[in-house]
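Asker: Line by line, the protein sequences are chains A and B. Using the numbering used here, the first residue of the first sequence is number 1, and each one after it goes up by one. Using the numbering used here, the first residue of the second sequence is number 1, and each one after it goes up by one. Note that beta-carbon positions come from the ideal geometry of N, C-alpha and C, so glycine has one too. All figures in this text were calculated on a predicted structure; none of them were measured in a lab.
Number of protein chains: 2
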Amino acid sequence: MSSRATIADVARLAGVHPGTVSRALNRKTESQVNPETVGRVRSAAKQLGYTPNSIARGLRTSSSMTVGVIIPDLTNPIFPPIVRGIDSHLAPLGYSAVVVNTDGSDQAERLLFESLVQRQVDGFIFATGHSGHSIAGEAYERGIRAVMVNRDSRGVPFPAAVGDDAQGIRESLHHLWNLGHRRIVHLAGPPGFSTSQIRAESFVSECAVLGIQGEVVQTAAYSVEAGQATMDLILERPGPRPSAVVAGNDLLALGVYHSLRTHGLRCPDDVSVVGFNDMPFAGDFQPPMTTVRAPHFELGAEAARLLVNQIEHSILTALRVVLPVELIVRASTGPVA
Amino acid sequence: MSSRATIADVARLAGVHPGTVSRALNRKTESQVNPETVGRVRSAAKQLGYTPNSIARGLRTSSSMTVGVIIPDLTNPIFPPIVRGIDSHLAPLGYSAVVVNTDGSDQAERLLFESLVQRQVDGFIFATGHSGHSIAGEAYERGIRAVMVNRDSRGVPFPAAVGDDAQGIRESLHHLWNLGHRRIVHLAGPPGFSTSQIRAESFVSECAVLGIQGEVVQTAAYSVEAGQATMDLILERPGPRPSAVVAGNDLLALGVYHSLRTHGLRCPDDVSVVGFNDMPFAGDFQPPMTTVRAPHFELGAEAARLLVNQIEHSILTALRVVLPVELIVRASTGPVA
DNA sequence: CTTTGAACCACAATCGATTGCGGTATCGGA
DNA sequence: TCCGATACCGCAATCGATTGTGGTTCAAAG
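Rendered as structure tokens:
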């Protein structure tokens, strides 16, 4: 490892004290040193290829220009766009993101969280919010800066950037209504997630508005397997089957596809399904999926903005930024038979 | 921000010198201090909830327990599993991964690279290798530790963890041969990538073995759009059309799907297509895609292992770890009409 | 009873930056 | 000529850990 130039080397070359070099090189303190000296220091720094050691700086300033991003599972396709959005806002400001996966385990999350705190990250972006999310609450009490993205933690007053779940469900329902569907079930995500709750609530309230009896069935997870298993149950019980299902997200919807297929049913001819998120390649599924597009990239960018505000200006408003969503109609929904 | 306990606090409480605390708390140096004292220090540390400040430690030891992971684009679905694999190996060892996206831009990559060097990362994992990849060469000359994953940089003697591209192509071709296909084109990825080159080379050599005239057509990028555009060209030129296409990766194969559809052709009835990578949800496409499964998670883990070996034991063998791949036959391939 | 050596631990330097404080030089005004 | 204000910059402390060096204690060996 070739040793890099330090501030002392620059000082020596420029013939000034290290402290002066530090001041000359920082915008905020540049005014405290003679412009001519600044020039001399600048060129000495360039000549040596000097770049400040951010570890040393971090030790002194107790900031690491790093934020921790805690997500359940990077291989869930909605998260990469969120991470990209976060990065797009953070990188130009000189921050780096350390992203970690919890696999949905609170215990893993706690470990990761502590390890990032120990690393002196300047703040957190949680994509793991849920009711009873003690880690966020703890973070808040310890005075740690954080924001929630996509989902929020019930009762923890961190800012959050989320999609307009209610609007998305409303649009889905109206779309189905216009197609003639009256017997509709909502495959709700697991309880405890704000997304599950809001989507389910707005499903029932909008069904009331439309005057149809909507049924909500809970799933065990936001996964293809859970979607399939739950749909299996619905199809195998006695009584008439629904003509359409509003899935809590695209993964569940995909599970519904699988279930329909194994039961010899066709989509949308026999039952229509609409997803949520418009994850990548949703339009390439069999059939191309009608779903609600959530602006994940922007959600990430917005969350990063909220966090930086908090870090740099100590602005901690219990802000909730809600971004609009859009129904993308493809081929998994059709007129009722 | 509530001030955390420092090593001095622990020292005070345990009635020893901070240096002793440091030794008592580190496995490597624990033997240098009286077991009884170790116990005293340990309990004092626990009582205060002491965790070492890794920034301070990093300054002294000039290591950050952080590695930079440089990938083209996290939203390309093959990368999340790689990142997970990297993380799975790194996290238990106490390392964190900082992953950044270059969007395929060498200039962006250079900026990101320098910013990570400045952050004192202990090493790099490049998923951006290509011929003329000057950044890797530069890193090598500067004595920076790094490994390549998925692809390698021609001529840069960093270790690499890659899939067995040749085997994958061979299996694809044999599968198609057995189905009766004799007129096959290979949609090769953009030149400069080792994956493109190896896959194309093994395509022509295996065609020679089988005694069929294989054609390879290059694409501009590993993307759906490039795949569609290139396939459009192939379908619209005069002469007989191929009965099967071996795509350089799943994204290209998906582009082929689109092209076939817009030309009123059906897959696999009119033309069979096989992809490469078996990206998530490849089995849910229309039709479910026959493709070569590459062990991305394991590739990531292997790359991390290679890097840690280098960092901790200075083992820099120009090692090339090649992991086996497996053909997954689904519904996009069928007997020739 | 002295010497030797091992075991244990304290001291202080060190990593590379930032920053409060104080000293010097310069200049204008009285 | 002297004083005070201002601008500039150096000094040294500091962040919180790690680690080389050396001193003390104690037991075993001579």
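Only counting the same chain, and skipping five residues up and downstream in sequence, which positions put a Cβ closer than 7 Å to that of E298/B?
Answerer: G85 and L323
Asker: Please report the Cβ distance between L254/B and V224/B, rounded to the nearest whole angstrom; I am assuming they are in contact, meaning their Cβ atoms lie under 8 Å.
Answerer: 5 Å
Asker: Along the chain, where does the beta strand (DSSP E) that runs through L187/A open and close?
Answerer: I184 to A188
Asker: Of all the options G94/A, E312/A, A294/A and V217/A, which has the alpha carbon lying nearest to the alpha carbon of P347/A?
Answerer: Because chain A is modelled from 1 through 337, residue 347/A falls outside the range shown and cannot be assessed.
Asker: Taking Cβ positions, are T37/A and A45/A nearer each other than 9 Å?
Answerer: no
Asker: Whole angstroms are fine: how far does the CA of R145/A sit from the CA of H89/A?
Answerer: 17 Å
Asker: Once the 5 residues before and after H258/B are set aside, which same chain residues still bring their CB inside 6 Å of it?
Answerer: Beyond the five residues adjoining it in sequence on each side, H258/B comes within less than 6 Å, by CB distance, of Q228 in the same chain, given in chain order.
Asker: If you check the beta carbons only, do S134/B and D106/B fall under 9 Å apart?
Answerer: yes
Asker: Check whether the region 121-138 of chain B touches the region 188-198 of chain B, counting contact only when three or more Cβ pairs, one atom from each stretch, lie closer than 8 Å.
Answerer: In short, these stretches touch, since the Cβ pair count reaches three.
Asker: Considering F297/A, what are the terminal residues of the alpha helix (DSSP H) in which it resides?
Answerer: H296 to H313
Asker: Considering only residues of the region 241-268 of chain A, which uninterrupted alpha helix (DSSP H) runs meet the minimum length of 4 residues and lie entirely inside it, listed in chain order?
Answerer: 250-262
Asker: Suppose you measure from the CA of M289/A to the CA of P268/A; what does that come to, to the nearest Å?
Answerer: 10 Å
Asker: For a cutoff of 9 Å on Cβ pairs, would you count L48/A as touching chain B?
Answerer: Not closer than 9 Å to any Cβ of chain B, the Cβ of L48/A fails to qualify, so no.
Asker: Listed in chain order, which residues of the region 61-89 of chain A have Cβ atoms closer than 7 Å to some Cβ of chain B?
Answerer: S64, L74, T75, P77, P80, P81, V83, R84 and D87
Asker: Give me the Cα-Cα distance between V246/A and N150/A, rounded to the nearest whole angstrom.
Answerer: Cα-Cα distance, rounded: 19 Å.
Asker: Can you tell me the Cα-Cα spacing of Y50/A and L111/B, whole angstroms?
Answerer: 15 Å
Asker: What is the residue span of the alpha helix (DSSP H) that G137/A lies within?
Answerer: G137/A: member of the alpha helix (DSSP H) spanning S134 to E141, first to last residue.
Asker: Does the region 299-313 of chain B come close enough to the region 64-84 of chain B that 3 or more CB-CB pairs lie under 8 Å?
Answerer: yes
Asker: Taking just the CA atoms, how far does R12/B sit from P159/B?
Answerer: In this structure, the straight-line span from the alpha carbon of P159/B to that of R12/B is close to 47 Å.
Asker: Taking the alpha-carbon positions, what's the L307/B to D278/A distance?
Answerer: 37 Å
Asker: Look at the alpha carbon of P240/A and the alpha carbon of S202/A, and state the distance between them as a whole number of angstroms.
Answerer: 24 Å
Asker: Along the region 277-307 of chain B, where does the CB come closer than 8 Å to a CB of chain A? Name the residues.
Answerer: P280, F281, D284, F285, Q286, P287 and P288
Asker: Quick test of your reading: S205/B and V336/B, contact by CB under 8 Å. State the CB separation rounded to the nearest angstrom.
Answerer: At roughly 22 Å, the Cβ-Cβ gap does not stay under 8 Å, so S205/B and V336/B are not in contact.
Asker: If the criterion is Cβ atoms closer than 9 Å, does the pair V271/A and L187/A meet it?
Answerer: no
Asker: Quick check: the Cα distance between S63/B and G214/A, rounded to an integer number of angstroms?
Answerer: 58 Å
Asker: At the 9 Å Cβ level, is Y257/A part of the contact set with chain B, yes or no?
Answerer: yes
Asker: Ordered along the chain, which non-local residues of its own chain (more than five positions away) have a Cβ less than 6 Å from that of L319/A?
Answerer: P159
Asker: Output the boundary residues of the alpha helix (DSSP H) element that contains Q230/A.
Answerer: Looking at the sequence itself, residue 230/A is Thr, so the reference to Gln does not match. Residues V224 to E236.
Asker: Out of H174/A, A226/A, N249/A and I212/A, which one is the CA nearest neighbour of Q197/A?
Answerer: The shortest Cα separation from Q197/A among H174/A, A226/A, N249/A and I212/A belongs to N249/A.
Asker: R57/B to L252/B, Cα distance in whole Å?
Answerer: As the crow flies, the alpha-carbon of R57/B is around 47 Å from that of L252/B.
Asker: Which of the three DSSP states is assigned to S2/B in this structure?
Answerer: Because the pLDDT of S2/B is 44, which lies under 50, any placement of that residue in the model is unreliable, and the number read from its coordinates should be weighed accordingly. Coil, per DSSP.
Asker: Using DSSP bridges, identify the partner residues of N277/A.
Answerer: R293/A
Asker: What are the boundary residues of the beta strand (DSSP E) that includes R145/B?
Answerer: R145/B -> no beta strand (DSSP E), and no H or E assigned at all.
Asker: Starting from T66/B, follow the alpha helix (DSSP H) in both directions and report where the run begins and ends.
Answerer: Where T66/B is concerned, there is no enclosing alpha helix (DSSP H), although the beta strand (DSSP E) it sits in stretches over T66 to I71.
Asker: Strictly below 7 Å CB to CB, what residues from chain A border G58/B?
Answerer: I55
Asker: Is it the case that the Cβ atoms of A221/A and G104/A are separated by a distance below 9 Å?
Answerer: yes
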